[in-house]
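Okay, structure first, notes after.
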Amino acid sequence: MNRGIAGLWISGETTRATIAELRVVDKELVVSDRNETVLTRSSPKEIEISARLGEIPRRINFSNGSHFETEENELVDELLRSCGKSSGFLHKLEGKLHFILLAILITVGTGFGFLFVGLPYLAKIVAEQLPMDLLNHASKSTLKTLDHLVFEPSDLTVERRKEISSMIRKTLPQSQNDSFRILFRRGENLGANAFALPDGSIIFTDELVGLLKTDDEIFAVFAHELGHVVQRHSLRQLLQSATIAILSYLVIGEATDGMLEAINALPALLMNSSYSRKFESEADDYAIALLQELDMSPHHLGKALERLSHYHSEEEGIKYLQSHPPTDERILKTRYP
Amino acid sequence: MSETTLATHSSDTKNDLVFTGKGGEFFGIWIVNVLLTICTLGIYSAWAKVRTTNYFYGNTKLRGSPFAYTANPISILKGRIIAFLAFLAYTFLGQSSPEFAVFFLLLLALLAPFVIIRSLNFRLQNTEYRGVRFKFQGKTGEAYGIFLGGYLLVMLTLGILFPWWEKRRKEFYVSNIRFGTSEFTCNPEVSFFYKTAGIIFVVFAVLIIGIVFLASLGAGGVKFMTIMIYPIVGILAAFWFSRVTNHIFAVSKLDAVRFKSELETGQLVGLWVGNLILLAVTIGLATPWVMVRNARYRISKTTVLADNLDSFFAEQKDKSSALGEEIGEAFDIDLAI
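These protein sequence lines are chains A and B, in that order. For the first sequence, my numbering begins at 24 and goes up steadily by one. For the second sequence, my numbering begins at 149 and goes up steadily by one.
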């Protein structure tokens, strides 16, 4: 190589930069200033050349602690090739348009695939491996908090409560009888509703018991809640949202500067309601299957949902932020399971 | 580039910091980073972090020379593994016992000053300009006083001391930076912080009263108020951020070198709004552009006032402390979360 590479030589002792040129002379790398005074020289084996990264200046580090920096990336690559080294595999990938397009496709594809299929699948497998009582303590404190903030003690008579509990226990196959306990509360602001906690506590509000006309409807709602418990939805939701929180930090965390940091939580928010809707329809499916297994009609679930939807006179919100699928869809499924 | 070695400048020559990164070029680097991070289940993210930081440092030039980032990705990986395990522990144990969650957060608060010192040190020790390294020499004990002691004082005084605390923290960060053998000094004025906070307080109070008044006139008021709160908080945050940054640069010195930052609230708001739109429209794929936009704006508004940048000296390596350095290196992990 006849032409030298222009750049700056820095001694490593001070910030003084000397305008210099790098040449190959007799198989040695020689850095000299404008007066042809040699500043440093070294055999190519003892130097270290920084990997190419975009168009940022390259650094050639000498073993005596000095370095040479230059913007002439092409000439440095040529120098590397003449020494039999590659100019950097990553840089080649980063600069190729068709590779970048492919990378976008793969990234977006695996991204969506992971969010909608892979992560729910993995979370299900992991949740099944984890101990059953993992969230029992959490359930107790959740119930305590709900009792404190929302619920009031139930006004139903003890007889009515016993009647419902034993109806459910009699209807269910014997093997399922240990996996839950039934509680009654006055729902207050929450109105007619039923809840399932991960430890198997299933809570009916007085308002719900009043709203549903038949035992079969109560049983259908119970079956839906039991679906949440048996399929470990709380734990799966927890696993999924924790994973998304880590991923959003890793991928978009660097772009969110100052105030924008709040948007790091956005992917988790959007995905959580999507997952929640998925869990609701899984619980519906579970209930429908259970009703059919017990020779009961899935219509009872549809009827109960219909009453609930009338009661809450459903305000349609933004679809992607809804925690439940639209009631019409759910009712339809109970008719044509 | 010829002025780099000429020391004959009129007093306080303006040296603009120049940012030469390009969104399109960085997109290629970013997408390859994301792809490899996905393929390696997150492990590559440490290498991606080094490559990204290097891209931004290498494209930030002062008098023709770039900054350089020399971190070892393994150190970053260690830090990320620790953070990941801590997050998992918090998610699961915190769910199963609320007492543990509180204990964990307290522990985190107790560790915070130590972590802040370690990661500032890590970042600065791996930052180089013309072969001379930066360093952070803040003492852990002092950090505890400022971060924990200061925090308690702010809480006890119901926030009245918040501007003072901000001033104290910024002062601590900047005045403990060394560049080679030279030390930064930083003398922010506490009255400036109170004035800025006062303006924000008054504007916020007036706007809130105005909105509440409007809300009392019509039924749409509450919705209007919740919509309005985001832009108001955003604009006030940009106001605080730009004023404080400009002030800190103006009162900081490195030997005879002075600094100037000319961020403007309006421009910052424009930048943030643009970023939000870009990220939303591209479902996050515009992240690299957003990062380049942020860096370009900040750096283009920063000036270094100095006649001479050539006479900073690298710190002599003390041979007797080699062991201490090695022990330090064993703990050399990037805990910046």
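Even for Gly, the Cβ is constructed at its ideal location relative to N, Cα and C.
query	result
Local conformation of A:D351 per DSSP, three classes	helix
Test item: CB-CB of B:P261 and B:Y292 under 8 Å	yes
B:E319 burial status per 10 Å Cβ neighbour count (16 or more: buried)	buried
Where B:G346 sits in the DSSP three-state scheme	helix
Beta carbon of B:E173 nearer than 8 Å to that of A:E151	no
Residues within the segment 65-79 of chain A neighbouring chain B, beta-carbon criterion of under 9 Å	S73, A74, L76, G77, E78, I79
Beta-carbon gap between B:L402 and B:F332 smaller than 8 Å	yes
Proximal residues of chain A, C-beta to C-beta of B:V486 below 9 Å	No answer is possible for residue 486 of chain B: the residues shown for chain B start at 149 and end at 485.
Contact set between A:H323 and chain B, taken where Cβ atoms lie within less than 8 Å	By Cβ distance, chain B contributes nothing, its closest Cβ being about 34 Å from A:H323, past 8 Å.
Terminal residues of the beta strand (DSSP E) in which B:S409 lies	405-409
Closest by C-alpha distance to A:V149, when choosing among A:H323, A:D318, A:L261	A:L261
8 Å contact criterion, which A:N84 and A:E71 should meet: CB distance rounded	4 Å
Unbroken beta strand (DSSP E) run spanning A:I83, endpoints	81-84
Contacting residues, own chain, Cβ-Cβ under 8 Å from B:I486 (five flanking each side not counted)	Not covered by the structure: residue 486 of chain B. The range shown for chain B is 149 to 485.
Contact set between the segment 81-99 of chain A and chain B, restricted to residues whose Cβ is under 8 Å from the partner	R82, G88, S89, H90, E92
With 16 other Cβ atoms within 10 Å as the buried cut-off, status of A:N87	exposed
Opposing strand residues paired with A:D56 [DSSP bridges]	A:A43
Contact with chain A by B:D455, beta-carbon distance below 8 Å	no
Whole-angstrom C-beta distance between A:A215 and A:Y334, which should lie under 8 Å	5 Å
Buried or exposed by the 16-neighbour rule on C-beta atoms within 10 Å, applied to A:A43	buried
Chain B contacts from the segment 31-44 of chain A (Cβ-Cβ distance under 9 Å)	L31, I33, S34, G35, E36, T37, T38, R39, A40, T41, I42
Any 3 or more C-beta pairs closer than 8 Å across the segment 445-460 of chain B and the segment 404-411 of chain B	yes
Opposing strand residues paired with A:H90 [DSSP bridges]	A:I33, A:N84
Euclidean distance between Cα positions of A:V61 and B:G289	49 Å
Any C-beta of chain A under 8 Å from that of B:V166	no
Between the CA atoms of B:L233 and B:L241 - distance to the nearest angstrom	12 Å
DSSP-derived helix/strand/coil call for B:F284	strand
Where B:Y491 falls: helix, strand or coil (DSSP)	The question about residue 491 of chain B has no answer, for chain B in this structure spans 149 to 485.
Residue-level contact to chain A via CB, B:L355, 8 Å cutoff	no
Residue closest to A:I33, alpha-carbon to alpha-carbon, out of B:S213, B:N442, B:N324, B:V198	B:S213
Classification of A:E303 by the beta-carbon crowding that lies within 10 angstroms, buried from 16 upward	buried
Expected contact under 8 Å - CB spacing of A:A327 and A:E240 to nearest Å	4 Å
Sub-8 Å separation of B:W178 and B:T393 beta-carbons	no
A:L179 and A:V232 closer than 8 Å at C-beta	yes
Any C-beta of chain B under 8 Å from that of A:A265	yes
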